[in-house]
């Protein structure tokens with residue numbers, strides 16, 4: 001046997017051993033592990049950083065107006081002056097100073113008088129959703145969610161073997177009558193409904209906002225059926241015009257778990273979010289948080305606290321709103337200019353996303369590959385519903401790219417969409433008007 | 001009605017509403033939520049930062065020799081030069097640069113040739129344990145663990161309704177025969193054993209190290225019974241003398257999930273750890289990580305990578321080992337000087353902890369309150385076992401306090417221990433020699 005052959009044999013040996021281990025270990029996965037899926041958004045994340053591509057995929061905030069010098073100087077100061085604290089373990093709830101700042105921020109959007117004692121700082125707001133699922137959901141329990149809803153939350157809930165049941169929206173957000181009907185239907189079928197997961201302001205992916213006059217109604221319906229509201233509000237402060245709408249939590253401190261985030265108003269790179277939790281649920285919630293990460297990063301907590309104290313974050317948010325408003329307008333204008341008449345889309349009043357609907361019969365998932373060829377990425381609509389059915393929708397994010405890039409991206413995407421619309425009209429059977437439904 | 005009366009009524013009203021909500025929501029908790037407990041270590045965490053107390057409780061690393069100026073300067077540079085990346089979202093596995101650094105660090109302790117492709121960066125190594133429980137354990141499944149073991153891991157596993165079954169140790173760590181017997185017993189009773197959770201080097205809380213000659217034997221037993229090894233090795237590099245012992249993972253890439261951490265070798269404040277995962281388990285593991293936090297903090301990842309590249313971390317670890325060796329020696333000496341003859345303790349060869357055993361019949365939990373009165377805190381032994389039985393052990397951490405403080409702490413603790421030993425000898429029935437057991 002030559003040395004080369006020995007090498008091959010050793011390699012084969014390793015491969016065989018691994019195959020054997022893989023086979024043996026297959027039996028070790030938990031039931032929930034089979035529910036853990038790749039998020040389509042994350043799939044596209046890796047692709048979208050390729051040079052030359054225009055990414056309308058990721059919901060990234062614009063950081064271009066952040067005063068990097070001040071952030072850098074603050075980080076340096078925190079480490080020099082308070083390094084022994086910043087580089088150490090902290091308490092599981094987060095620092096009091098940051099929880100106080102969070103209460104100030106929430107006051108700005110209409111949650112008045114929240115106590116820092118009811119806030120848990122989390123590693124991004126996604127982890128607050130993970131904790132909520134952990135603390136409240138047994139396998140098979142139902143979580144209600146807007147249809148469509150945030151794909152990351154779907155992944156988080158599914159990891160706990162939760163059934164996510166979609167509830168319809170119209171242009172004013174969740175429809176109270178549809179929510180009541182859905183609850184009745186599920187209760188009649190013996191389901192245990194634990195939470196309503198909602199993104200009431202500038203819903204991800206649709207950009208739709210729950211109308212002010214529906215907000216109390218939604219909470220009341222949930223209260224009546226003993227369903228907790230899990231309100232995810234990362235974009236609430238980013239309303240283009242006027243004051244933010246008061247969150248569902250504002251007047252309902254006992255029935256709503258509110259999730260906020262520094263990712264959209266400051267930086268996703270510090271991975272800091274929070275949950276404002278009803279007093280009677282706080283202890284279990286925070287202990288569950290602690291069981292996962294012990295404590296949020298002290299360094300990042302102190303950096304955010306010091307930075308927000310040393311800069312005019314209200315003015316920065318006003319600037320950010322103007323940036324996003326301009327980008328949204330650029331996208332809406334480009335869509336009007338380049339997209340075929342058969343496509344429709346939402347007109348968001350804040351947030352990061354426009355939601356495009358193509359004619360029935362088109363599946364936007366295969367279009368993704370063609371659009372990558374054309375130099376642009378988006379997220380296919382199917383990612384945002386718990387069902388596996390094909391979707392004729394697509395999410396376009398205007399938040400992270402400059403207006404000229406947005407125009408270029410829409411321009412590149414238009415022929416792909418146009419071709420799909422034409423092929424669909426030519427080959428698909430004409431959709432019959434559904435009788436009894438309008 | 002006076003305004004004062006109205007106010008009282010409103011307050012009463014709020015309290016009544018909250019009580020009602022608390023009552024209604026009690027039914028919403030998941031089954032696992034009832035298993036989520038306060039960690040005794042965290043209980044004491046809040047107490048131990050009171051001024052004047054000597055804390056021998058928390059397993060905090062010593063940061064006094066960290067070059068804070070260089071850390072601060074690095075943070076500033078990362079933000080100034082790479083802020084758009086550092087403050088943004090990153091990939092779910094962690095950055096390639098950090099995963100490469102992690103492979104270099106692991107090589108230093110005997111894991112050669114690990115691929116960055118098999119590493120997942122996590123938010124502290126506790127979250128790697130959380131992910132392992134999530135991916136592998138159904139409610140009722142068994143995880144084997146050393147007796148005693150890390151309280152944080154117990155909390156994490158219990159949050160997944162896992163049965164943690166202790167396996168006995170002697171002064172050379174886990175006893176292979178006891179492991180086999182325990183497995184046989186559990187299998188005979190129909191249990192599904194998924195993982196062996198082990199801290200082989202300088203076990204937390206006992207300070208005991210698994211002897212080199214037992215390591216392969218332990219993995220082989222687990223492999224034979226199709227049990228994955230979850231190796232938690234935060235202290236592995238902190239052996240006082242000589243080279244680190246090769247981790248269980250070193251020669252067993254397919255059967256061991258290895259957890260490492262920057263908390264003990266650099267800083268807990270950045271909340272960064274990692275898991276080195278067998279190739280065939282990697283995808284599920286990393287998707288589960290992503291479902292919780294999306295990605296680890298980019299800022300902290302880039303800070304750690306840059307910092308380790310710009311400073312001689314091997315020399316720093318050598319210095320750290322000397323610091324901990326000196327502190328350990330101070331503690332052992334003080335124990336010899338002040339503790340009663342009835343107390344025994346371990347002599348660790350690395351890590352952060354000494355484990356003290358008092359005579360049978362003493363419960364160290366109530367002693368904690370007396371010791372706080374005396375100006376010193378420790379962690380009672382009962383925290384480190386899954387059972388609720390009282391324990392005559394206590395964990396003393398020497399890692400985070402200077403030698404003179406250690407001596408003062410032991411001096412303050414000694415009279416409390418002495419009084420307990422005397423009271424126990426006076427009132428407790430003499431423990432009969434257990435027949436047939438030695």
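Protein chains in written order, with UniProt numbering: chain A, 1 to 438; chain B, 1 to 438.
Glycine residues also receive a C-beta, built at the ideal position from the N, C-alpha and C atoms.
| Query | Result |
| --- | --- |
| Residue 353(B) in three-state terms, based on DSSP | strand |
| Any C-beta of chain A under 8 angstroms from that of residue 437(B) | Because the pLDDT at residue 437(B) is just 36, under 50, the model does not fix this residue reliably, and the value given afterwards should be weighed accordingly. Output row for residue 437(B): interface = no. |
| Secondary structure of residue 261(A), DSSP reduced to three states | strand |
| Beta-carbon spacing of residue 344(A), residue 392(A) below 8 angstroms | no |
| Touch test, the region 182-200 of chain A against the region 130-146 of chain A, Cβ-Cβ under 8 angstroms, three pairs minimum | yes |
| Listed by chain order, chain B residues near residue 194(A) by CB distance under 7 angstroms | 28 |
| Where the alpha helix (DSSP H) through residue 237(B) begins and ends | First-last for residue 237(B): undefined, no H or E at that position. |
| Below-8 angstroms beta-carbon distance, residue 267(A) vs any chain B residue | yes |
| Residue 81(B) (DSSP reduced to helix, strand or coil) | helix |
| Neighbouring residues, chain A, relative to residue 462(B) (Cβ below 7 angstroms) | With chain B covering only 1 through 438, there is no way to say anything about residue 462(B). |
| Through-space distance from residue 352(A) to residue 85(B), alpha-carbon basis | 19 angstroms |
| 3-residue-minimum beta strand (DSSP E) runs that sit fully inside the region 292-359 of chain A, ordered along the chain | 353-357 |
| Classification of residue 16(B) by the beta-carbon crowding that lies within 10 angstroms, buried from 16 upward | exposed |
| Test: residue 190(B) CB closer than 8 angstroms to a CB of chain A | no |
| Cβ separation of residue 119(A) and residue 103(A), assumed to be a contact under 8 angstroms, to the nearest whole Å | 7 angstroms |
| Rounded separation between residue 414(A) and residue 384(A) - CA only | 22 angstroms |
| Min CB distance residue 156(A) to chain B below 8 angstroms | yes |
| DSSP three-state assignment for residue 166(A), whether helix, strand or coil | strand |
| Rounded Cβ spacing between residue 294(A) and residue 66(B) (contact assumed at less than 8 angstroms) | With a Cβ gap of about 20 angstroms, residue 294(A) and residue 66(B) do not count as contacting. |
| Sub-8 angstroms separation of residue 237(A) and residue 317(A) beta-carbons | yes |
| Residues that residue 66(A) contacts on chain B, provided the C-beta gap is smaller than 8 angstroms | 83 and 87 |
| Nearest residue (CA-CA) to residue 401(B), options 246(B), 61(B), 11(B) and 22(B) | 61(B) |
| Reduced DSSP category for residue 438(A) - H, G, I as helix; E, B as strand; rest coil | Below a pLDDT of 50, predicted positions are generally treated as unreliable, and residue 438(A), at 38, falls in that range; the measurement from the model is reported next regardless. Residue 438(A) falls in the coil class under three-state DSSP. |
| Residue nearest to residue 203(A) in terms of C-alpha spacing, selected from 21(A), 135(A), 217(A) and 152(A) | 152(A) |
| Residues, ordered as in the chain, of the region 356-380 of chain B that lie near chain A by beta-carbon distance below 7 angstroms | none |
| Start-to-end residues for the alpha helix (DSSP H) that takes in residue 63(B) | Residue 63(B) -> no alpha helix (DSSP H), and no H or E assigned at all. |
| Where residue 243(A) falls, given that 16 or more other Cβ within 10 Å makes a residue buried | exposed |
| Contacts that residue 257(A) makes with chain B (C-beta to C-beta distance below 8 angstroms) | Correct list: empty, because the minimum Cβ distance to chain B is about 10 angstroms. |
| Nonlocal neighbours in the same chain, by C-beta distance under 7 angstroms from residue 365(B), ignoring five residues either side | 380, 382 and 390 |
| Reference residue 206(A), options 395(A), 387(A), 9(A) and 12(A), closest by Cα | 395(A) |
| Cβ pair residue 269(A), residue 299(B) closer than 8 angstroms | yes |
| Residue 305(A) at chain B interface by Cβ criterion, 8 angstroms | no |
| Chain-ordered chain B contacts of residue 319(A) [CB-CB under 9 angstroms] | Per Cβ cutoff of 9 angstroms: no residues; residue 319(A) is ~16 angstroms from chain B at best. |
| Residue burial classification, residue 115(A) (beta-carbon count within 10 angstroms, cutoff 16) | exposed |
| Alpha helix (DSSP H) runs wholly inside the region 132-176 of chain B, at least 4 long, in chain order | 151-158 |
| Contact list for residue 278(A) against chain B, beta-carbon separation under 9 angstroms | 18, 21, 22 and 25 |
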